[in-house]
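Beneath this line is the structure, given in structure tokens, with notes to follow.
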Amino acid sequence: MINKLTKGFTLIELLVVIAILSILATLVVLAINPAEAQRKSRDTTRLSDLATMRKAIDLAIAEGGALSGTVAIPFTGSSAGSRDTTSVTNYLGMDVSKYLSVLPIDPRQSATVATTLSDGTTQIAAGGMVYSFESNGTTYELNAYLESTANAAVAQNDGGTSATTYEVGTNPGLTLISP
């Protein structure tokens, strides 16, 4: 009689191991929450971009630059002149070329929608996910919507008037977008 020693795993053992690994992989993905991590990452970019723009505006004002007294939402990232730092047709309405090579745009700026501004004008903007700027000629405000639920307190405690929008500038209480 021939005695065969079989080494290996049975089909049942392999299926059990695959099932256990699948359950563990699902739990890890749910714990990490990649969608929320991406929202947090985009919010971090937004906060950094607004801080950079604020610094550039403040430096330009300190060197004698004048605020334009405008309300602006950039149309799209590729609009002619909308990101040009040397032109007063950029969405800040002032020359900040000494401090920025290009004006930033929101990380999710894409589809366009019409938005009514506080001065009654309507501008085409990207689905609410844009950087907004308003100046009354002496003070200014920069805005961005934050996506992550973890950043809700940041928008609520920024000193501005909106609980859903992150507002910075010399007057974060300016009314930028009418409800």
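Take 83 as the starting number for the sequence shown in the working numbering and just add one per residue. Heads up, the beta-carbon is just placed ideally off N, CA and C, and yes, glycines get one too. Note that the structure is predicted; figures quoted are calculated from it, not measured.
{"Item": "Inter-stretch contact (C-beta, 8 Å, three-pair minimum) for the stretch 109 to 128 and the stretch 221 to 236", "Value": "yes"}
{"Item": "Extent of the continuous alpha helix (DSSP H) run through Ala88", "Value": "Here residue 88 is Thr; the residue named in the question, Ala, does not match the sequence. Careful: Thr88 lies outside any alpha helix (DSSP H) and carries neither H nor E."}
{"Item": "Endpoints, alpha helix (DSSP H) assigned at Leu106", "Value": "93 to 114"}
{"Item": "Three-state secondary structure (DSSP) of Ala226", "Value": "strand"}
{"Item": "Three-way DSSP call (helix, strand, coil) for Val236 in this model", "Value": "helix"}
{"Item": "Beta-carbon proximity check, Tyr213 vs Gly251, cutoff 8 Å", "Value": "no"}
{"Item": "C-beta atoms of Leu132 and Leu256 nearer than 8 Å", "Value": "no"}
{"Item": "Local conformation of Ser123 per DSSP, three classes", "Value": "helix"}
{"Item": "In DSSP terms, what Ser214 is bridged to", "Value": "Asn225"}
{"Item": "Buried or exposed by the 16-neighbour rule on C-beta atoms within 10 Å, applied to Ile94", "Value": "exposed"}
{"Item": "Residues near Asp240 in its chain [Cβ-Cβ closer than 8 Å; skip 5 each side]", "Value": "Tyr248, Glu249, Val250, Pro254"}
{"Item": "Backbone secondary structure at Glu145 - three-state DSSP", "Value": "coil"}
{"Item": "Through-space distance from Lys137 to Ser183, alpha-carbon basis", "Value": "13 Å"}
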